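Peer 1: I am attaching a structure below and will ask some questions about it afterwards.
Number of protein chains: 2
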Amino acid sequence: MSLLVQKFGGTSVGTVEKIEQVADKVARFRRDGHGLVVVVSAMAGETNRLIGLAHEVQDQPLPREMDVLVSTGEQVSTALLAMALNKRGVKAKSYNGSQVRILTDDAHTKARIRDIDDARLHADIEAGYVLVVAGFQGVDEHGNITTLGRGGSDTTAVALAAALKADECQIYTDVDGVYTTDPRMVDGAKRLDTITFEEMLEMASMGSKVLQIRAVEFAGKYSVPLRVLHSFEDGPGTLIRLEEESDMENPTIAGIAFNRDEAKITVLGVPDTPGVAYRILGPVGEANIEVDVIVQNVSEDGSTDFTFTVHRSEMDRAEAIIRQVAGELGARQVTADNKIAKISLVGVGMRSHAGVASQMFKTLSEVGINIQMISTSEIKISVIIDEKFIELAVRSLHSAFGLDQESSASAEVS
Amino acid sequence: MSLLVQKFGGTSVGTVEKIEQVADKVARFRRDGHGLVVVVSAMAGETNRLIGLAHEVQDQPLPREMDVLVSTGEQVSTALLAMALNKRGVKAKSYNGSQVRILTDDAHTKARIRDIDDARLHADIEAGYVLVVAGFQGVDEHGNITTLGRGGSDTTAVALAAALKADECQIYTDVDGVYTTDPRMVDGAKRLDTITFEEMLEMASMGSKVLQIRAVEFAGKYSVPLRVLHSFEDGPGTLIRLEEESDMENPTIAGIAFNRDEAKITVLGVPDTPGVAYRILGPVGEANIEVDVIVQNVSEDGSTDFTFTVHRSEMDRAEAIIRQVAGELGARQVTADNKIAKISLVGVGMRSHAGVASQMFKTLSEVGINIQMISTSEIKISVIIDEKFIELAVRSLHSAFGLDQESSASAEVS
């Protein structure tokens, strides 16, 4: 008998009918002899309803009370699922964050888990109960209710799996796994049987639609095998695994991530002196604007061009700051562009396979796409291109790197 | 500085707007220097919504999970009221039943309070917080969430007042106090400044619309001064007090209670032998039918007539049982009548004032009302009459006992 932690999100428990379907699935696992801990989110829409009430009362609701308020959403789901399991003859018991004792720090609305008391859970699992645990919530050391921030139910599931030394943590969602790229953009996108934690993290722009990044980091840190599956369809999903377990048959590239969330700001003709990067980006950071890609060209005639990207919604604010700074630095010109896309190839195979970057550039050049910025890490190559070429770029790269082949086949590069 | 426990029911916190009004009222008390513990119910309609969800899932919802589910309703109210107080510059902190530690037995959905841990509450009151406590809920010794049954928020308030040795427990509701009789029936009905616990209990049929009987019993047992007030209108309300504190100026009769909820079943011509009452009522009790008034006439020629009342909804069931029993007993006839009303005069003054009963009978006879049954206790006289005379009877008695005078005047009887 294996011990599984299963997590069902708000959409999966959004109606009584869906809760019944989840109960059917959980009951099947139970009859197969598995020990089960099921983590649930609030019914879809409920958290927003509660937040709406709070904002009717107070513009900036008291964080402690916000947590007291929204944590009720998950508690409702746990009770209803436990009832639905009971109706199917499956012994089940609900737990809220305080009852498990998911101990967190006291950072209300964005708390971090410190410790989980597994004694009571183990006793109830031994006694044959399916445990239905409220996701997203905990208590601080004084017994105040805390929440982990939105989407924190994934983190709850992973933390429970780590604490209980579960055999697998299964995240049920509305997709049947992690894909080589977004299937809505590329027909030939394939579900990956496995992906490493590092790749999953680098796939963030795509992966975050599937799994909370924080949960993936957590799972990697505690070596919790994590699997993404569809809530209402059967299938193996995608297993997120430690790299050490990978074999040589794995393809070089795991997938292609992309987004259109960013905007690019360029400072042209900056005097190339020590500290100039800090003088440009310091004020941006102080304004709490997150910077993603940063590129500084090689200096010519004592001046350089400096480009970085920010979230599109922050472009205007960032540009205003940079115009101020550019004046002080005596830069020649500042430009801003929000019609860009970022495309990233991700794969731990890059470490051992040369030529991925040149193959990527060659592919894009063959279809006439100009690369505006390039940024590389150990297992990722990102390029910034004109937004209008995003589909062409993703499809061409998906095909060039053999991602539309059966996923068991290895995609060798140049 | 006095310590007050205030309770606001579901209607009083039914909308964000009403929660704001409650916050205004609580804030005023706080500025007047009172220490405050505020007990709230779920927003009106919320408990029914949650119960509805449960019944969609399971015909007879698991009681443990029912408590987990419905207890969220009060928790939502506490958070919103704490936010509303905070917005007014009043330091406030919410508590659910588990956080206070309102320890109960494990009778889910109808638990009874065993103990309240007042240490943390006292510390927060000392620190200047208004404590906003979820009514109706507690935890058993294993940390399982329990509820006290519907309306249990009154009991929570009284129990907290007893544990904290509060100066007064104020129950805010949609009436401005306890009346001599129902003001909808008698224009001259007066609000009582005070009433004793015993009278309040005997007034149950009226009083239960104002206060949970269990809370009144609890308050009496622990000598907690209890006051009923209107949530949104100012006024002194009605103080429910220990009889020992009463003075001789109190009127004989506190009020007139009445109901039309009962039906009467009569067995005529029963052989008057020992054990006959048990043989008639035993099977009724075994069928879980509650019997209220019981009257057995003096025996003539070896046979007697036996009459009792039950709730109207149980009449048909009770009649069927009695017809069976009557056959076995050789009784002459069984009749059933659901067109009856019960009218009760209540007052601790009856103990020291003779003649209340005869005055009552005289008044009813003067307006031509026939009395079908009579039942008396130490502080109450009840009569059963034809339902169609209920208004005439209540108005005549209200006037005859001087209850439409100013409540400070004493109503002396014959």
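As they're listed, the protein sequences go chains V and R. The numbers in the numbering used here rise by one with no breaks, and the one at position 156 of the first sequence is 156. Adding 414 to a residue's 1-based position in the second sequence gives its number in the numbering used here. Think of the CB as a built atom: it goes at the ideal place given N, C-alpha and C, for glycine as much as any other residue. Bear in mind that the values here come from a model prediction, so they are computed numbers and not experimental data.
1) For P283 of chain V, write down the residues that DSSP places opposite it in a beta bridge.
2) Measure the C-alpha to C-alpha separation of L495 of chain R and F815 of chain R and round it to an integer number of angstroms.
3) Buried or exposed: where does Q372 of chain V fall if 16 or more other Cβ atoms within 10 Å of its Cβ makes it buried?
4) Quick one: what's got a C-beta closer than 6 Å to V690 of chain R's C-beta in the same chain, skipping five residues either side?
5) If you count every other CB in all the chains shown that lies within 10 Å of the CB of G368 of chain V, and 16 or more means buried, which is it?
6) Should A111 of chain V and D105 of chain V be called a contact, given that it needs their Cβ atoms to be closer than 8 Å?
7) If you compare alpha carbons, which of R:D818, R:G769 and R:A807 is closest to N784 of chain R?
8) Could you check what DSSP says for E555 of chain R in three-state terms: helix, strand or coil?
9) Is it right to say V712 of chain R is buried, meaning 16 or more other beta carbons lie within 10 angstroms of its own, or is it exposed?
10) Among the residues of its own chain, which have a CB less than 8 Å from the CB of M729 of chain R, if the five just before and after it don't count?
11) For a quick check, are the C-beta atoms of V427 of chain R and S508 of chain R less than 8 Å apart?
12) Does any residue of chain V bring its CB to less than 8 Å from the CB of F422 of chain R?
13) With DSSP collapsed to three states, give me the class of D675 of chain R.
14) Should H142 of chain V be labelled buried (16 or more other beta-carbon atoms within 10 Å of its own) or exposed?
15) Is L643 of chain R near Q551 of chain R, with beta carbons less than 8 Å apart?
16) Below 6 Å CB to CB, which residues in the same chain sit around K794 of chain R once its five sequence neighbours on both sides are set aside?
17) Just to confirm, are F8 of chain V and V38 of chain V a CB contact at a threshold of 8 Å?
18) G35 of chain V: which of V:H55, V:E46, V:T47 and V:S2 sits nearest, CA to CA?
19) Reducing DSSP to helix, strand and coil, say where M787 of chain R ends up.
20) Using the three-state DSSP reduction, which class does K421 of chain R fall into: helix, strand or coil?
21) State the Cα-Cα distance for the pair T718 of chain R and Q489 of chain R, rounded to the nearest angstrom.
22) Start and end of the alpha helix (DSSP H) containing S399 of chain V?
23) With a threshold of 8 Å between beta-carbons, can P650 of chain R be considered close to chain V, or not?
24) Does L36 of chain V get closer than 8 Å to chain R when you measure Cβ to Cβ?
25) In the region 180-208 of chain V, which residue ranges form an unbroken alpha helix (DSSP H) of at least 4 residues, counting only runs that do not cross its ends?
26) Leaving out five residues before and five after S484 of chain R in sequence, what residues of the same chain have Cβ atoms less than 7 Å from its Cβ?
27) Just how far apart, CA to CA, sit A825 of chain R and T666 of chain R?
28) Which same chain residues end up closer than 6 Å to D529 of chain R when comparing Cβ atoms and leaving out the 5 residues on each side of it in sequence?
29) Buried or exposed: P650 of chain R, going by 16 or more other Cβ atoms within 10 Å of its Cβ?
30) Could you tell me the boundaries of the alpha helix (DSSP H) in which D443 of chain R lies?
31) Any beta-carbon of chain R closer than 8 Å to the one on Q296 of chain V?
32) If you run the structure through DSSP and keep just helix, strand and coil, what is I256 of chain V?
33) Using a C-beta to C-beta distance shorter than 8 Å, which residues of chain R count as neighbours of N86 of chain V?
34) Does V76 of chain V come within less than 8 Å of chain R when only Cβ atoms are used?
35) Using C-beta distances below 6 Å, list every residue in its chain close to S382 of chain V, excluding the 5 sequence neighbours before and after it, in chain order.
36) Return no unless some Cβ of chain V is closer than 8 Å to the Cβ of S512 of chain R.
Peer 2: Well, looking at it:
1) For P283 of chain V, which the question treats as bridged, DSSP gives no partner whatsoever.
2) 44 Å
3) buried
4) V684
5) exposed
6) yes
7) R:A807
8) coil
9) exposed
10) A677, I679, A750 and N752
11) no
12) no
13) coil
14) exposed
15) no
16) E616, S758 and V760
17) yes
18) V:S2
19) strand
20) strand
21) 57 Å
22) I390 to A400
23) no
24) no
25) 197-202 and 204-207
26) Looking at the sequence shown, residue 484 of chain R is not Ser but Val. So the list reads T461, L464, I465 and T561, once near-sequence residues are dropped.
27) Reliability of the predicted coordinates at A825 of chain R is poor, the pLDDT of 34 falling under 50, and no value is obtained from them.
28) L517
29) exposed
30) Position check: residue 443 of chain R holds Phe in this sequence, whereas Asp was assumed. Start and end: V430 to R445.
31) no
32) strand
33) Q472, L476 and E479
34) yes
35) K342, S344 and S375
36) yes
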